[in-house]
Amino acid sequence: MSMRPIKLNVIDLPKADYTGGPSSLCPGCGHDQISNVIIQAAWENGIVPERIAKMSGIGCSSKTPAYFLGKSHGFNTVHGRMPSVTTGANMVNKDLAFLGVSGDGDTASIGIGQFIHAIRRNLNMVYIIENNGVYGLTKGQYSATVEKGSKKKKGATNENPPIDLCKMAINLGCGFVARSFSGSKKQLTALLKAALSHKGMAVIDVISPCVTFANNDESYRSYNYVKGNEEELHTVDYIPHFTPIEEVEVPEGQFEDISLFDGSTLRLETLGDDHDPSNAVAALAAIHEAEQNDKHVTGLMYYDSEMKTADEELGLTDTPLVDLTEEELRPSKQALEELNQSFRA
Amino acid sequence: MANTVNDFTVNIATANGTGSQSANLILLHSMFEMGVPVSGKNLFPSNISGLPTWFIIRASDEGYQAPGDVTHIQVVMNKDTWLADVEKAEPGTIIIHNMDVKLPVERDDCIVLGMPMTKMARSINPKLARMIANMYYVGALAETLGIDESAIASAVAQQFNGKEKAIELNLQAISEGREYARENWNCDIGYTVEARDKDPNTFLIEGNEAAALGCIFGGINMLSWYPITPSSSLAESIIDWLPKLREADDGGATCAVIQAEDELAAAGMVIGAGWAGGRGMTCTSGPGISLMSEFIGLAYFAEVPGVIWDVNRVGPSTGLPTRTQQSDLTLLYEASHGDTQHIVLIPGSVDECFEFGWRAFDVAEQYQTLVFGFSDLDLGMNRWVTAGFEYPDEKLDRGKVIRTQEQLDAIENFGRYRDVDGDGIPYRTLPGSGLEPILYRGTGHDEDGIYSEDPDVYAATVARLKRKIEGARDKLPAPVVREEKDKQVGIIYYGSVENTIAEIDDILETTTGMKVSTCRVRALPYHSEVERFIAEHDQVVVLEINRDGQLFGILRKELPVELLSKLHSVAFSDGIPPRARVYAEMILETLSGDTKEVIA
């Protein structure tokens with residue numbers, strides 16, 4: 000019997016090294032598709048699994064770190080507070096790759112303050128919002144991101160205006176802001192890979208239908224609605240740093256290459272109107288226009304690679320603080336004696 | 000006039016933001032310089048400029064540090080509190096006032112001494128007159144109390160560290176104040192200071208700064224904080240001292256400092272740092288602890304080390320933000336929903352603020368849990384004597400952390416939450432190590448960290464947690480016990496009551512002949528020595544600065560039932576640092592019911 004050779008990534012690991020436990024979410028949940036993209040992206044990017052830290056808050060989305068990257072440590076924290084726990088961990092170990100998974104309730108309501116401040120500090124992490132517009136674990140209440148006029152399976156139509164997390168992130172100066180759809184595997188994979196190659200806060204707001212409470216056609220976040228109303232800003236293609244870019248086929252139409260921190264490239268191929276991701280005003284305009292027409296705009300909205308990250312801003316020593324020795328952490332006996340003397344003088 | 004030496008209390012009423020704090024500290028330090036045992040307490044309703052402030056200086060050869068029951072010398076500078084300050088003075092009080100405020104001091108029964116302080120200040124510097132006016136009462140007190148010129152000069156130099164102009168100007172004002180008093184007053188006011196042999200090793204420092212230095216010597220590498228009185232100066236002291244004491248060879252910082260968006264985030268950052276293997280710490284006060292409570296439960300259940308200092312102020316709610324109290328003890332010990340129990344270290348001196356500052360990190364990592372440092376405004380924001388801080392007598396204890404595959408292999412049947420050693424403390428691996436990675440969670444989990452709602456698993460987990468913290472009892476700082484031969488009455492107390500206990504003890508003995516043993520609790524869960532102390536005394540009073548008797552409540556819950564009948568609570572708080580006589584009288588009243596023969 001011949002065995003099929005196991006496919007290995009650039010660091011010679013099989014995809015199995017990036018998978019997690021079985022999902023306990025509802026069958027067909029958009030979140031499970033996102034988990035699969037995370038596995039795929041991390042594997043294809045050749046990230047050492049143990050160098051990733053998986054972070055989450057509370058909610059359906061926040062359960063998913065159990066379903067991917069089983070060789071990575073993770074922390075399923077408390078509701079809405081994943082950013083602060085990530086901040087503390089990032090400060091003491093700046094060399095880890097932080098991958099945060101949150102939901103719309105977790106981020107846009109209870110955790111909106113921490114989301115804002117993590118962006119403001121430019122925390123070096125990937126922040127994925129698995130955004131379905133409802134609270135699934137408590138049986139389908141609307142969340143703050145649901146569109147005005149959208150209606151879930153049971154109950155009244157939502158009449159409150161939504162909080163658009165991409166708009167908010169752009170306004171706060173986040174250096175990497177993207178929106179995607181759990182059903183757009185290719186786009187989401189490319190965007191996530193690019194986010195993993197970025198230094199600084201990378202926010203990806205992923206529309207992810209809740210199959211149980213809001214997958215009816217009147218819901219603006221149902222699978223069918225998003226499929227029929229998605230407006231891609233561009234076609235995205237990710238070229239990893241270990242693939243010579245000269246060997247990649249050049250697209251026929253117009254395109255723009257974005258060079259990422261680790262040497263990888265995100266190639267944006269123009270579709271219809273040209274979108275300049277370095278223009279925050281254009282990005283906001285695109286979102287506002289889509290919103291007026293009840294559409295979902297997806298792609299890389301905004302990109303700026305120039306900002307210092309939170310750990311850089313603090314001027315930390317080169318060694319991750321967790322690896323400092325006792326001598327580096329505790330001043331000497333002589334230092335204390337001098338200190339006592341200085342107070343006595 | 001009869002003269003009292005080194006035994007009096009001065010109360011100085013000023014307005015915040017007028018430079019009076021400098022004047023008051025010069026007085027305090029000059030007496031300290033002379034070797035006079037002295038303590039100073041700042042009573043301030045807020046940090047807002049213009050609001051009233053009272054500074055209480057007590058000189059006491061007995062070493063008493065409480066504010067004292069009577070004010071002997073009242074300085075009145077603040078027009079807003081003037082009438083009340085004058086009215087409150089007991090007959091016979093020396094009242095020193097600024098004549099330029101032009102408010103009456105109608106007290107024939109007091110010795111009233113006026114000085115045109117603002118006018119004199121204006122003549123030497125019109126712009127700074129309002130601030131310099133304070134130096135005239137320094138001069139007046141220096142002259143009447145007999146404070147050495149050299150001591151004043153040294154205190155001024157210390158206060159205006161290196162600023163020659165300021166030193167000159169203020170010394171001139173003090174000297175003019177002295178001269179005015181000498182020429183216009185009868186300076187024989189009946190109270191003087193006399194130099195004593197000063198231990199050259201001693202100095203004065205605030206508890207918050209001492210704790211901050213302790214943290215730095217404890218290897219803190221992540222400080223997250225949100226400003227709140229009275230804990231802000233703890234964080235700010237760490238920030239001030241870090242570059243001087245903890246810079247790495249490459250010039251980089253070895254401790255990350257983040258001013259958080261709120262206390263919830265500050266707590267989250269501490270937990271994140273501890274989870275990643277660092278030494279994270281935050282400091283706050285009661286309102287912050289309330290906000291942090293959810294996270295505190297996560298750290299307890301997921302077993303993540305971290306340190307939180309609570310510098311207690313008056314609650315409930317916003318309460319009296321600039322006043323002192325010991326009212327967060329129960330909150331700390333049982334913080335968060337569900338069954339929890341936390342380790343609390345309770346310093347009673349600036350030396351212990353330093354020691355527990357570093358020790359808290361060791362304890363947190365040993366037990367993989369949050370450890371609280373419990374201080375209060377009185378200890379944290381007032382200056383107390385130390386003979387110098389002692390270097391940690393042991394190396395950093397990083398607890399049961401598995402860092403290599405070899406270490407992991409040596410453990411049979413490893414599981415993140417498996418009690419391998421029988422002490423309730425499991426082993427942990429760190430993110431980034433690749434060793435036995437798990438998803439930490441606040442939900443139910445089994446010994447391997449896998450999600451579980453199994454009844455047996457849950458019951459076993461919380462029983463182990465109980466056992467783990469229980470095991471800390473006799474390894475935490477033991478109580479400081481002073482026992483009389485006759486073990487009739489014992490007083491149990493903690494924290495800043497240390498500054499009042501000697502005086503309470505003396506009042507009890509001089510007024511009733513009662514000799515009491517004392518036991519100062521320094522940690523929760525309380526040491527078995529505390530139980531022994533209670534068992535061996537006939538009557539035991541638990542003395543604390545709160546309304547409900549919080550330590551009393553904890554003892555009543557945990558002690559064997561047969562000891563409970565001898566336990567009495569004496570608890571009182573009005574926001575002012577405890578006056579010895581108030582507490583002594585409450586103790587006598589409490590004991591009078593069933594200990595008449597003891598105090599007869």
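Chains as they are written, first to last, in numbering that gives the first Met the number 0: chain A, 0 to 344; chain B, 0 to 599. The C-beta atom is built at its ideal place from N, Cα and C for all residues, glycine as well. From a predicted model like this one, the values you see are computed outputs, not experimental measurements.
Which residues in the same chain as residue 145/B place their Cβ atom closer than 7 Å to its Cβ, once the five residues preceding and following it in sequence are excluded?
Excluding sequence neighbours, residue 145/B sits near 191 and 192.
For residue 174/A and residue 305/A, the rounded distance between their alpha carbons:
8 Å
Close beta carbons around residue 195/B, own chain, < 8 Å, minus the five adjacent residues each side
Here the set comprises 5, 33, 34, 35, 36 and 60.
With residue 219/B and residue 360/B assumed to form a contact (beta carbons below 8 Å), what rounded beta-carbon distance in angstroms separates them?
7 Å
Cβ distance (whole Å) where residue 305/B is taken to contact residue 363/B below 8 Å:
6 Å
Who are the near neighbours of residue 273/B in its chain, counting only those whose CB is closer than 6 Å to its CB and skipping five residues on each side?
279, 303, 304 and 305
On the CB-based measure, 16 or more other CB atoms within 10 Å of its CB, does residue 504/B come out buried or exposed?
With 16 or more Cβ atoms within 10 Å of its Cβ, residue 504/B is classed as buried.
Buried or exposed: residue 13/A, going by 16 or more other Cβ atoms within 10 Å of its Cβ?
exposed
Within the continuous alpha helix (DSSP H) that includes residue 518/B, where are the two ends?
Run containing residue 518/B: none in the alpha helix (DSSP H); it sits in the beta strand (DSSP E), 515-520.
When DSSP labels each residue in this structure, what does residue 72/A get in the three-state scheme?
strand
Length at least 3, wholly inside the region 20-73 of chain B: the beta strand (DSSP E) runs in chain order
37-42 and 51-59
Under 7 Å between beta-carbons, which chain B residues line up against residue 52/A? List them in chain order, please.
430
Just by C-beta distance, which residues in the region 367-387 of chain B are closer than 7 Å to chain A?
387
Of all the options 493/B, 525/B and 489/B, which has the alpha carbon lying nearest to the alpha carbon of residue 508/B?
489/B
Bounding residues of the alpha helix (DSSP H) (the contiguous stretch that carries residue 538/B):
That residue, residue 538/B, is in no alpha helix (DSSP H); its beta strand (DSSP E) goes 538-543.
Looking at residue 169/A and residue 300/A, is the spacing between their C-beta atoms short of 8 Å?
Yes.
For residue 9/B, does the three-state DSSP call read helix, strand or coil?
strand
Is the beta carbon of residue 132/B sitting closer than 8 Å to the one on residue 143/B?
no
Determine the direct distance from the alpha carbon of residue 81/A to that of residue 261/B, and round the result to whole angstroms.
14 Å
Where residue 51/A sits in the DSSP three-state scheme
strand
Beta-carbon proximity of residue 542/B to residue 496/B, cut-off 8 Å
Yes, these two residues count as a Cβ contact at 8 Å.
What did DSSP end up calling residue 258/B once you bin it into helix, strand or coil?
strand
Inspect the beta-carbon positions of residue 57/A and residue 77/A and report whether they are closer than 8 Å.
yes
Is it buried or exposed, residue 5/A, if we count other Cβ atoms within 10 angstroms and call 16 or more buried?
exposed
Close beta carbons around residue 264/A, own chain, < 7 Å, minus the five adjacent residues each side
238, 244, 256, 257 and 258
Take residue 139/B as the anchor and find which of 257/B, 214/B, 466/B and 172/B has the nearest alpha-carbon.
That would be 172/B, whose Cα lies nearest to the Cα of residue 139/B.
Tell me the rounded alpha-carbon separation between residue 481/B and residue 314/A.
49 Å
Which residue from 268/B, 111/B, 425/B and 112/B puts its Cα closest to that of residue 116/A?
Cα-wise, what sits closest to residue 116/A is 268/B.
Can you tell me where the beta strand (DSSP E) holding residue 460/B begins and where it ends?
From DSSP, residue 460/B is part of no beta strand (DSSP E) but of the alpha helix (DSSP H) over 454-469.
What number of angstroms, rounded off, separates the C-alpha of residue 23/A from the C-alpha of residue 35/A?
14 Å
Using 8 Å as the threshold, is the C-beta distance between residue 29/A and residue 157/A below it?
Not a contact, by the Cβ cut-off of 8 Å.
Residue 576/B to residue 323/B, Cα distance in whole Å?
6 Å
Please give the ranges of any alpha helix (DSSP H) in the region 65-131 of chain A, keeping only runs that are unbroken, at least 4 residues long and fully inside the region.
81-91 and 111-119
Alpha carbon of residue 14/B to alpha carbon of residue 76/B, nearest angstrom
8 Å
Which residues, taken in chain order from the region 195-213 of chain B, show a beta carbon closer than 9 Å to some beta carbon of chain A?
199, 200, 201, 202, 203, 204 and 212
Using beta carbons (cut-off 8 Å, strictly below), is residue 261/A in contact with chain B?
no
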